[in-house]
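A short worksheet on the structure shown next.
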Amino acid sequence: MFEWTETGLYGLCSTLVYESITTTFYGEGADARSIVNELKILDTDVHLLAYPSPCRWFKLNLIRSKNKIAKRLSSVDVNDMEHIFVSRLNDLANGIPKEDIGPMKTATLWASYGNVIPSIFWTYFYLRYYPKVVDIILREIENASS
């Protein structure tokens, strides 16, 4: 049985987006839920990559998470998917060494989350505090569907 846990608006947006983007890009074989925790660590610590310190001091969890995600994504076969983004990603993957495919997919996935989650957060926030906007959107939908 699923138990609801309150996480706040940003946490809710993150939860809604992680699995849907991962499944859209890499299909059911990507096991999105196993990637989420590693992506959260990566997202939390990514600023450490800008520091000129050695990896073993501050970046160990970051490097470990990045490698786990890359390993999982490099084993996902997306050649049979027909999504245009996935086909472009496959075209890019054909031109790089095999060991770089996982890191490329990790970077693409992380960048997608980084752009979408704040957008959804501010959309929900705006809709919550300005209910008139919801009425306008509903009218637009009704006009478009008639």
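At position 29 of the sequence shown (counting the first as 1) the number is 29 in the working numbering, and the numbers step up by one without a gap. Here a beta-carbon is modelled for each residue, glycine too, at the ideal position from N, C-alpha and C. Since we're looking at a predicted model, the values are computed, not measured.
Report task. Helix, strand or coil for S14, going by three-state DSSP, please let me know. Result -> When secondary structure is reduced to three states using DSSP, S14 falls in the helix class.
**Report entry** Span of the alpha helix (DSSP H) around I63
**Finding:** 60 to 74
Query raised in the report: Can you list, in chain order, the residues of its chain whose CB lies under 7 angstroms from that of K71, leaving out five sequence neighbours each side?
Result: G102
Query raised in the report: I think Y113 touches V17, with their Cβ atoms under 8 angstroms apart; what is that distance to the nearest whole Å?
Result: 6 angstroms
Query - At least 3 beta-carbon pairs within less than 8 angstroms: the segment 128 to 139 vs the segment 35 to 52 - result: Three or more beta-carbon pairs separated by less than 8 angstroms are not found between the segment 128 to 139 and the segment 35 to 52, which leaves the two stretches without contact.
Report task. Express the C-alpha separation of I35 and P118 in angstroms, rounding to a whole number. Result -> Roughly 19 angstroms separates the two Cα atoms.
Query raised in the report: Excluding sequence positions up to five away, which residues of its chain have a Cβ less than 7 angstroms from the Cβ of A93?
Result: I101, M104
Query raised in the report: Would DSSP call Y129 helix, strand or coil?
Result: In this structure, Y129 counts as helix in the three-state DSSP scheme.
Requested in this report: Go ahead and label I69 buried or exposed: buried means 16 or more other beta carbons lie within 10 angstroms of its beta carbon, across all protein chains shown.
Outcome: Around the C-beta of I69, 16 or more other C-beta atoms lie within 10 Å, and the residue is accordingly described as buried.
**Report entry** N44 classed as buried or exposed, judged by whether at least 16 other C-beta atoms fall within 10 angstroms
**Finding:** According to the sequence shown, residue 44 is Thr rather than Asn. The residue is exposed, with fewer than 16 neighbouring Cβ atoms inside 10 Å.
Query raised in the report: Using 8 angstroms as the limit for Cβ to Cβ distance, is E140 near chain D?
Result: The structure shown contains no chain D, having only a single protein chain.
**Report entry** Separation of R88 from G95, as counted between CA atoms
**Finding:** Cα to Cα, the separation comes out at about 11 angstroms.
Query raised in the report: Since L48 contacts K59 with CB under 8 angstroms, what's their CB separation in whole angstroms?
Result: 5 angstroms
Query - Range of the contiguous alpha helix (DSSP H) that encloses T7 - result: That residue, T7, is in no alpha helix (DSSP H); it is neither H nor E in DSSP.
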